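K.L.:
Got a structure for you, written out below as structure tokens; questions coming shortly.
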Amino acid sequence: MLFVTQEFLIFFLVVALVYWLIPANWRMMWLIASSVFFYATWNFVFTFHLFFVVGINYVVMEIYKIHRKKWIFITLQIANVANIGVFKYYYLVMDFLGVVLGADWLRESSLRMQDRLDGHEILLPLAISFYTFQIMSYGIDIYRGQYTKQHTFREVFLFKSFFPQLIAGPIMRSSELLPQIQKMDEFNPPSSQQTERALWLIISGIVKKMLIADQMTGALIPFLTGNPADFPSHLVWIYTLGCVAMLYADFSAYTDLARGTGLLLGFEIPLNFKAPLFMHSVSEFWRRWHLTFSRWIRDYIYIPLGGSHVPEYRNYINLVITFFIGGLWHGASYTFVLWGILTGLILSAESFAFRRGWKEWPDALPGRILRVALTYLIFLPSTVFFFGKGMSWCGAAVVQMFSFDFSGPVPAGFNILGYGILGVFFFHLVDEWPERFAALRKYDRWLLPAGGFALILAMTQFAGPGKDFFYFQF
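Numbering that gives the first Met the number 0 applies: residue 0 is where the sequence shown begins, and numbers increase by one.
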């Protein structure tokens, strides 16, 4: 059930209406039932897996609270990693062994096909990366003593299954969502200001998804499914920028919808993007992009490795290890692994340069333009490995970027890509300078109906089979 479908609209209206009408002490069970139903519309069987993962983590951490034995906590986290490892990385590991041993039958395509024929192909549970990270943070925070409140299993299960942010985040911490769950009996229906804010978030999400991301996806197909060598060099750069802009529109749309629907139920869900393409460095990009993921890998991987409070060379190793794991989290493929390693190396190179004065370049306009240009010159080739369909395709795309071959026709639909990038630019302006758009609030009585009309137009004129949100695969 996609957020941008009429089915979800009906589902949410029923959930919200019943939620505010029933006795307050029934709200938790109603949201749990609604969240389980929402997840079951994707795959009923995997709801049992979700219940099992949350149940095991809750029970083991309750045992840990009693005995305070380190091995209990470590065993649980090994089990969490093993769980996601089997479901997500089994075929990647076997494929790697197949390459090393020269055994074709171990290669992913052959092994997966044979498993499918035998009826025991390992399928990936929807959102396993997201809910694994979130439930692991629950245990880690308790182990570190950073979160000490007592919770029932119902509260912890809702913490992980809360449907607005279940599938693609934001990745919320115990201290962010569990206190809200404990106080939900005291929630009042949203005020007019909260409703207005929620509706704007929902309208923003639908516009980003249906009018920008989905349209850009269609325009990107010739590039992503074709041979990069057939495209002029400058178009490969623009298409790669279009891929990043499309992903921003798609993923931030989900976040806006999650925040808007959550707010209508009384919950505050954190911001996940802050104009990431207005970056002056790749490290700044990660302070603006997928904020809850960046925070997770920083606090639970990078800092425990020693962070930046170690010798300089160790800091660079820590960055590479952190983003290597981040690449694996995104997907079980060699391209994601290489993307993670490249990102870690780029951040290490930036850190090396910043320590030696690169940050002190003149802040005048020419210096800022040069910094942005150099940042994109490094950033865009590395992102090819995030979107590419294979190592050979990615390699061809990077080579073509620097071939300086500007001959060749402009593919059909390229103008849609340009319009999409402009749309993303507009939303970046709103995110970067919200106070400059705050003056428009006095026109809300006209703007909200206009936004509602755009919403209805998007859901009718652009409705189709529906494109999954990109991050659903993670």
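All C-beta atoms, glycine included, are put in the ideal place defined by N, C-alpha and C.
Only a predicted model underlies this, so the values are computations on that prediction, with no experimental measurement involved.
From the DSSP output, in three-state form, read off R294 for me.
P.N.:
helix
K.L.:
Can you have a look at A81 and say buried or exposed, based on whether 16 or more other CB atoms are within 10 angstroms of its CB?
P.N.:
exposed
K.L.:
My assumption, with CB atoms under 8 Å, is that I134 sits in contact with V35. Please give the rounded CB distance.
P.N.:
That pair is no contact at about 16 Å.
K.L.:
Do you know whose CA, among H427, R354, G339, lies nearest T382's CA?
P.N.:
The residue among H427, R354, G339 with its C-alpha nearest the C-alpha of T382 is G339.
K.L.:
Using only the alpha-carbon positions, how far apart do T141 and N79 sit?
P.N.:
Thr is not the amino acid found at residue 141; the sequence shown has Ile there. So the alpha carbons of these two residues sit roughly 16 Å apart.
K.L.:
Taking the alpha-carbon positions, what's the W104 to G97 distance?
P.N.:
Between W104 and G97, the alpha-carbon positions lie close to 7 Å from each other.
K.L.:
Which residues mark the beginning and the end of the alpha helix (DSSP H) in which F36 is found?
P.N.:
26-39
K.L.:
Would you call the stretch 334-349 and the stretch 310-322 touching, i.e. three or more CB-CB distances under 8 Å?
P.N.:
yes
K.L.:
Alpha helix (DSSP H) containing I77: first to last residue?
P.N.:
69-83
K.L.:
Can you name, in chain order, every residue of its own chain whose Cβ lies under 6 Å from the Cβ of L318, other than the five neighbours on each side?
P.N.:
Same-chain partners within the cutoff: G343, L346, S347.
K.L.:
Applying the 10 Å Cβ sphere with the 16-neighbour rule, what's the burial state of L379?
P.N.:
buried
K.L.:
Cα separation between Q179 and L416?
P.N.:
40 Å
K.L.:
Nearest to S128 by CA position, among G118, Y88, K148, G407, is which residue?
P.N.:
Y88
K.L.:
Is the Cβ-Cβ distance between L176 and F266 less than 9 Å?
P.N.:
In this structure, F266 lies closer than 9 Å to L176 by Cβ.
K.L.:
What number of angstroms, rounded off, separates the C-alpha of K69 from the C-alpha of E311?
P.N.:
A straight line joining the alpha-carbon of K69 with that of E311 spans about 31 Å.
K.L.:
Quick one: residues in its chain with C-beta nearer than 6 Å to the C-beta of S160, no 5 flanking neighbours on either side, listed in chain order?
P.N.:
S34
K.L.:
Can you tell me where the alpha helix (DSSP H) with D213 in it begins and where it stops?
P.N.:
213-224
K.L.:
At a cut of 8 Å, does the stretch 229-236 reach the stretch 185-204 through at least three beta carbon pairs?
P.N.:
no
K.L.:
Can you tell me whether DSSP reads Q181 as helix, strand or coil?
P.N.:
Here Q181 sits in helix by DSSP.
K.L.:
Going by C-alpha to C-alpha distance, which of G138, T254, M215, N271 sits closest to V59?
P.N.:
Checked all of G138, T254, M215, N271; the closest Cα to V59 is G138.
K.L.:
Alpha carbon to alpha carbon, what distance is there between G389 and G330?
P.N.:
Spanning the two alpha carbons is a distance of roughly 12 Å.
K.L.:
For the alpha helix (DSSP H) containing M171, name the first residue and the last one.
P.N.:
It is not in any alpha helix (DSSP H) - M171 carries neither H nor E in the DSSP assignment.
K.L.:
With a cut-off of 8 Å on the beta carbons, I'd call Y57 and V155 a contact; round off their distance for me.
P.N.:
5 Å
K.L.:
Please report how far the alpha carbon of L8 lies from the alpha carbon of L256, in whole angstroms.
P.N.:
11 Å
K.L.:
Count the other CB atoms, across all protein chains shown, that sit within 10 Å of the CB of R26; report buried if there are 16 or more and exposed otherwise.
P.N.:
buried
K.L.:
Taking the runs of the alpha helix (DSSP H) that are 4 residues or longer, which of them lie wholly in the stretch 383-417?
P.N.:
390-400
K.L.:
Got a sec: is the Cβ-Cβ distance from R111 to anything in chain B below 9 Å?
P.N.:
No chain B is present in this structure, which holds just one protein chain.
K.L.:
Less than 9 Å separating the beta-carbons of W273 and R294?
P.N.:
According to the sequence shown, residue 273 is Lys rather than Trp. Going by C-beta atoms, K273 is not nearer than 9 Å to R294.
K.L.:
Helix or strand or just coil, what does DSSP make of E195?
P.N.:
helix
K.L.:
Going by the beta-carbon positions, is the gap between H279 and V371 smaller than 9 Å?
P.N.:
yes
K.L.:
Going by the beta-carbon positions, is the gap between G217 and G387 smaller than 9 Å?
P.N.:
no
K.L.:
Pop quiz: M215 and A244 are said to be a contact at Cβ under 8 Å. What is the actual Cβ separation, rounded to whole angstroms?
P.N.:
7 Å
K.L.:
Could you round the C-beta distance between Y90 and R111 to whole angstroms and report it? I think they count as a contact, below 8 Å.
P.N.:
6 Å
K.L.:
How is the alpha helix (DSSP H) around E267 delimited, first residue to last?
P.N.:
Element bounds for E267: n/a, residue is neither H nor E.
K.L.:
Going by C-alpha distance, which of M171, A39, T40 is nearest T291?
P.N.:
M171
K.L.:
Suppose the cutoff is 7 Å on Cβ atoms and the five residues either side in sequence are ignored; what does the same chain contact list for H150 look like?
P.N.:
L177
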